[in-house]
Amino acid sequence: MQEVFITGSGSFLPGAPVGNREMESRIGLLGEHSRKLKALTLRQNGIRTRHYAIDADGNYRFTNAQMAARAVEAACDSARRDPAQLQYLACSTTQADLLVPGIASSVHGELGGTPLGGTPLEISSHQSVCGSSMMAIKSAWLNIRAGEHRVAAASGSEFSSRWFQPDFYRALDFSSMDMDEALQYEFLRWTLSDGAGALVLEDEPDPDRPCLKIDWIEQKSFADRFPTCMYAGAFGSGPEDSRPWSHYGSPGAAYERGAIILRQDFDLLEQMFPVWMGYFLEVLDKHNLSPRDIRYFLPHYSARSLGERMKTLLTRSAAMIPEERWRNHQREVGNVGSASVFLLIDRLLREEKLQRGDRILCFVPESGRCLASFMGLTVV
523 MQEVFITGSG SFLPGAPVGN REMESRIGLL GEHSRKLKAL TLRQNGIRTR HYAIDADGNY
583 RFTNAQMAAR AVEAACDSAR RDPAQLQYLA CSTTQADLLV PGIASSVHGE LGGTPLGGTP
643 LEISSHQSVC GSSMMAIKSA WLNIRAGEHR VAAASGSEFS SRWFQPDFYR ALDFSSMDMD
703 EALQYEFLRW TLSDGAGALV LEDEPDPDRP CLKIDWIEQK SFADRFPTCM YAGAFGSGPE
763 DSRPWSHYGS PGAAYERGAI ILRQDFDLLE QMFPVWMGYF LEVLDKHNLS PRDIRYFLPH
823 YSARSLGERM KTLLTRSAAM IPEERWRNHQ REVGNVGSAS VFLLIDRLLR EEKLQRGDRI
883 LCFVPESGRC LASFMGLTVV
């Protein structure tokens, strides 16, 4: 099997950073609890700035696909490749711009329409939540590993802020909700942000600068154990409320029922942590890894408080990676969903003094219906 290397990385974060005081001008307020829940959420997630693809006047400045294409172009530039040299493109997102076709078709179209030009290539689209990022990377990795292609790109992109406009929530009466009920809607509004990241993968490293060899990628779904936790497209996750939006007879009927809104069940989320940590230990054992072997740990988590929960469980399991080896920049960019691990890797390559042989562990848990992904990298 062919070895595979990350030779380039790129990020695209739309517009200037948006501070906590400016957020309301972009996504508005839903009800009397909004400001209290905003303050509570920001204390929990620790985010100070984020990026939105909607400006203060309500203008949509980019599409999801346009952000992904710009990140792919940046990754190609980093890898010293023209996008026209790509042979395979794997794209991930939580929700594409269109219902049909997939996100990769739209991103490929954006790449082909640039002054840099484009070329026909093989594509794959991956739609989940945060974990779709690793699905895309693994797809590109396996294609090169099998000898199908020599140069590939993988991307993750999100346009979450469009979900959070007040008109999306008109079917709900927030005045009748208590704080706990409202939090399932408000937490995501004050946590998720927009942007894209991408990687270029090749069958040979660049001899003139550090590259990352992909040693392995592991992913498991535990959806057989859990109902949906973070979701949109149904009114609820129980048997009576989980009817898909497309079964309401019309999109308007689904909207009036509140089946389009993005929400999260925090009781379920708490139950997923032991499952994720159990899988974490399984992966360490499978690859004969000790926490002291890992030079850089790139964990994705949706809030600072959840990162602290992760540290507590790892410490109890004697699997805690020294905290000074953790790298996470959610405070500056927010939770960018499927783009997050791409942004973390891009920042690592740009800012750290990587040494040959350094081992890197990436961890992406997903609360959608409970899955987790890991990737092992070595600096070459």
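Numbering (this note's numbering), first residue to last: 523 to 902. Heads up, the beta-carbon is just placed ideally off N, CA and C, and yes, glycines get one too.
V855 counts as buried, since no fewer than 16 other beta carbons sit within 10 angstroms of its beta carbon. Between L608 and A674, the gap from beta carbon to beta carbon is short of 8 angstroms.
Bridge partners of G898 according to DSSP: W738, L883. DSSP places V673 in the uninterrupted beta strand (DSSP E) bounded by 673 to 680.
Inter-segment contact for the stretch 669 to 683 and the stretch 580 to 592 is present: three or more beta-carbon pairs are separated by less than 8 angstroms.
Rounded to whole angstroms, the separation of the alpha carbons of S533 and S683 is 18 angstroms.
If you compare the alpha carbons of F690, N567, M701 with that of W712, the shortest gap goes to N567. Boundaries cannot be given for Q609, as no alpha helix (DSSP H) includes it and DSSP labels it neither H nor E. By the 16-neighbour rule on beta-carbons within 10 angstroms, P605 is buried. Burial check for S646: the Cβ neighbour count within 10 Å reaches 16 or more, so the residue is buried. Of the candidates G553, L535, L723, A754, G553 places its Cα closest to the Cα of A704. By a beta-carbon distance limit of 8 angstroms, G717 contacts L535. Their separation comes to about 4 angstroms. The Cβ atoms of V805 and R667 do not sit closer than 8 angstroms to each other. Straight-line spacing of the CA atoms in W848 and V863 works out to 13 angstroms.
The alpha-carbon of L784 is positioned some 43 angstroms away from that of R878. Under the criterion of beta carbons closer than 8 angstroms, L721 and I528 qualify as touching, at roughly 5 angstroms. In this chain, the alpha helix (DSSP H) harbouring Q566 covers 556 to 567. With the rule of 3 Cβ pairs closer than 8 angstroms, the stretch 750 to 758 does not count as touching the stretch 733 to 740.
With a contact defined as Cβ atoms closer than 8 angstroms, H851 and R838 miss out at about 26 angstroms. For Q687, the closest alpha carbon among the candidates I867, D577, Y823 is that of D577.
The residues S531, in chain order, have a CB closer than 6 angstroms to that of L871 in the same chain once the five nearest residues on each side in sequence are set aside. Assigned with DSSP and collapsed to three states, P727 falls in coil, not helix or strand. Annotation for Y777: the continuous alpha helix (DSSP H) segment containing it runs 773 to 778.
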